[in-house]
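Data first, discussion second: the structure below is written as structure tokens.
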């Protein structure tokens with residue numbers, strides 16, 4: 002509520018005798034009275050503007066328990082839809098007393114939401130006691146806009162309920178929409194979740210009709226409101242798409258979906274005679290093939306479907322008959338294997354299946370197979386270019402990446418659709434000279450690594466007084482982004498986007514500009530921190546002129562007051578890890594909770610130089626590991642393809658062997 006981290010609050014409790022006493026909880030996790038905290042903050046604000054959205058969120062949390070919170074936010078979202086469409090009506094109505102407004106508002110909100118959400122999107126009756134909350138929402142919307150206000154509430158809800166909904170990574174969503182193409186008049190996502198796919202589709206085709214369904218009623222309601230605030234041509238329904246299709250008979254230009262994987266309770270028994278199974282009854286253990294046929298059943302002629310699938314679907318014996326039918330009838334047009342890790346919290350590399358509603362006039366003779374697992378940096382570009390060239394009728398054969406595979410090669414006993422199985426190898430690229438060059442580069446890099454490790458010794462300062470980052474912001478030593486860093490009205494055209502993967506790999510910006518929502522241009526000396534990582538990372542940028550990508554925090558120190566390498570070293574150090582929350586095997590890094598010591602500038606620079614050398618040391622180790630893997634692959638390919646033959650170990654010669662054995666000729 003004050004815009005500070007836990008450390009600042011702990012300091013306040015120690016320094017201020019009038020700070021409210023806990024009313025519950027434990028000694029390590031105390032609970033306080035919201036009313037007392039509000040009064041204390043107002044009394045100690047000292048002219049500082051307190052964030053109204055945070056105050057509103059706390060009011061919401063005390064109004065409803067966690068089980069009711071989603072419905073309350075959806076109700077308030079429906080009110081925002083009314084407010085967006087009937088601002089003048091609200092201005093007249095809001096001048097009345099709370100009892101009058103509470104009596105009048107439900108019917109007006111339900112009428113405003115009837116087309117896009119439902120005529121039951123808001124309760125039939127509203128208690129006058131809820132009116133202060135409604136007026137607070139209206140006040141925040143007047144300042145920020147209805148859509149931005151709802152986005153704040155929605156994001157905060159999913160922060161509290163991180164396991165309730167899974168959002169497909171934005172990079173995968175953009176890739177799937179690239180594969181669909183731009184000329185799309187209608188889109189369906191039958192497992193829409195948070196609505197990210199439909200939201201991005203709307204950005205590309207503002208006039209498109211959007212259809213979505215999700216089995217979680219809370220997610221469906223929140224998504225319906227989110228999209229209704231952006232378009233009047235949206236229909237989002239709650240329910241199980243396989244068991245209770247909300248849009249029977251509706252045909253669309255594109256189906257884009259990340260369906261649930263490995264769901265054995267998908268409705269096999271009750272759906273045995275379903276007319277959607279045009280390509281065969283999906284086996285009980287193949288729910289993904291049910292989603293494939295559900296998508297095809299909703300495609301208009303020449304429509305395109307892109308589904309994110311687990312790799313096992315391509316090869317399970319139980320599904321080979323349906324896979325064969327999809328191929329024979331021309332429904333399955335491409336399988337694109339993705340690199341492992343591009344979809345977080347999934348242990349295997351997933352795949353995108355591209356399907357088309359078969360056209361009359363013959364079955365296509367080839368199917369596109371693409372494997373981008375070795376192209377972590379540019380997998381999306383590789384996939385889109387291969388699909389475009391395939392659509393233009395070209396026959397592709399890029400070793401280890403893509404190939405137009407004849408249909409007859411796929412229709413064997415197994416009907417295995419794993420792309421790597423059908424790609425040609427790159428044996429022609431292997432030569433003794435290339436192997437020797439790679440070995441020499443690795444040897445030189447290993448020699449350089451040994452000289453990069455910084456020295457460390459001497460006595461540290463007596464006391465490292467730790468200061469939370471928000472305090473440095475207050476003192477003007479640091480700007481904390483993206484919220485605290487100025488942004489432009491729209492992204493400058495042509496700049497690359499710095500992604501979280503770029504930061505972790507220590508490489509230049511590689512992202513596409515369309516993935517950026519805020520136009521924050523990086524500068525040399527900025528410190529960038531990925532928000533979700535296996536281990537905290539902070540990188541000092543040596544070049545600027547890139548856009549700050551999603552899932553990144555930006556720290557912009559005043560170079561006269563704060564050394565950037567000193568700052569980066571402490572932000573990702575183990576002493577700050579305890580401040581960051583954990584999710585499974587990863588950390589959610591909130592840099593506002595980090596603490597750094599305040600040292601004289603000369604001492605900061607000494608620390609900063611040591612941290613800089615450590616960063617170079619780690620980067621060189623990563624490069625050496627990559628070169629070593631490349632060298633091992635080259636030697637293995639050279640041996641197996643007959644380009645080179647086994648030789649003696651490095652540094653081993655017959656003369657050395659003779660001398661070491663003590664044998665004389």
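In my numbering, the protein residues as written are 2 to 666.
Beta carbons are placed, not taken as given, at the ideal position from N, Cα and C, and that holds for glycine.
In this text, all values refer to a predicted model and were calculated from it rather than measured experimentally.
Between residue 71 and residue 226, the CB-CB gap reaches or exceeds 8 Å.
Assignment of beta-bridge partners to residue 553 by DSSP yields 531. The shortest C-alpha to C-alpha distance from residue 364 to any of 336, 325, 209 and 345 is the one to 325. Straight-line spacing of the CA atoms in residue 56 and residue 36 works out to 11 Å. Residue 129 sits close to residue 100, with the two beta carbons spaced by under 8 Å. Three or more Cβ pairs closer than 8 Å define a contact, and the region 586-603 meets that threshold against the region 549-565. The three-state secondary structure of residue 599, taken from DSSP, is coil. Distance from the Cα of residue 465 is smallest, within the candidate group 240, 17, 308 and 576, for 576.
The Cβ-Cβ distance between residue 387 and residue 368 does not fall below 8 Å.
Scanning the region 145-223 from its first residue to its last, the whole alpha helix (DSSP H) runs of 4-plus residues come out as 147-161, 171-181 and 197-205. For the set 479, 630, 537 and 549, the Cα lying nearest the Cα of residue 512 is the one of 549. According to the DSSP assignment, residue 301 belongs to the beta strand (DSSP E) that extends over 300-310. Shown here for residue 546: same chain residues with a beta carbon closer than 8 Å to its own, the five before and five after excluded, namely 496, 522 and 523 in chain order.
Sequence-distant Cβ neighbours of residue 636 in its own chain, meaning closer than 8 Å and more than five residues away, are 436 and 645.
Contact between the region 230-239 and the region 205-220 is present, with at least three C-beta pairs closer than 8 Å. Between the C-alpha atoms of residue 402 and residue 90 there is a straight-line separation of about 59 Å. If you ignore the 5 residues before and after residue 336, its C-beta comes within less than 7 Å of the C-beta of 315, 352, 354, 370, 418 and 420, all in its own chain and listed in chain order.
CA-to-CA, the gap between residue 97 and residue 110 works out to about 17 Å. Inter-segment contact for the region 387-398 and the region 280-290 is absent: fewer than three beta-carbon pairs are separated by less than 8 Å.
Per the C-alpha coordinates, the member of 297, 270 and 274 positioned closest to residue 251 is 297. Inter-residue distance for residue 232 and residue 138 is about 21 Å (C-alpha atoms, whole angstroms).
At a Cβ-Cβ threshold of 8 Å, residue 605 and residue 564 count as neighbours. The shortest C-alpha to C-alpha distance from residue 167 to any of 306, 154, 150 and 195 is the one to 195. Residue 573 carries a coil assignment under DSSP once its states are collapsed to helix, strand and coil. In the assembly as shown, residue 61 is a buried residue. Its beta-carbon has 16 or more other beta-carbons within 10 Å. Below 8 Å, enough C-beta pairs join the region 243-261 and the region 301-313 to call them touching: three or more.
In the structure shown, residue 340 falls within a coil segment according to DSSP collapsed to helix, strand and coil. Take residue 269, set aside five residues on each side of it, and the residues of its chain with a beta-carbon closer than 7 Å to its own are 285, in chain order.
CA-to-CA, the gap between residue 374 and residue 614 works out to about 32 Å. Contact check for residue 85 against residue 230 passes: the beta carbons are separated by less than 8 Å. Taking C-beta atoms under 8 Å as the contact rule, residue 632 and residue 443 qualify, at a distance of about 6 Å. A direct Cα-to-Cα measurement between residue 272 and residue 244 gives close to 7 Å. In this structure, residue 340 lies away from residue 294, with their beta-carbon atoms at least 8 Å apart. Straight-line spacing of the CA atoms in residue 228 and residue 537 works out to 34 Å. By the Cβ neighbour-count rule, residue 287 is buried, with 16 or more other Cβ atoms within 10 Å of its own. Counting the other CB atoms within 10 Å of its CB gives residue 471 a total of 16 or more, which places it among the buried residues.
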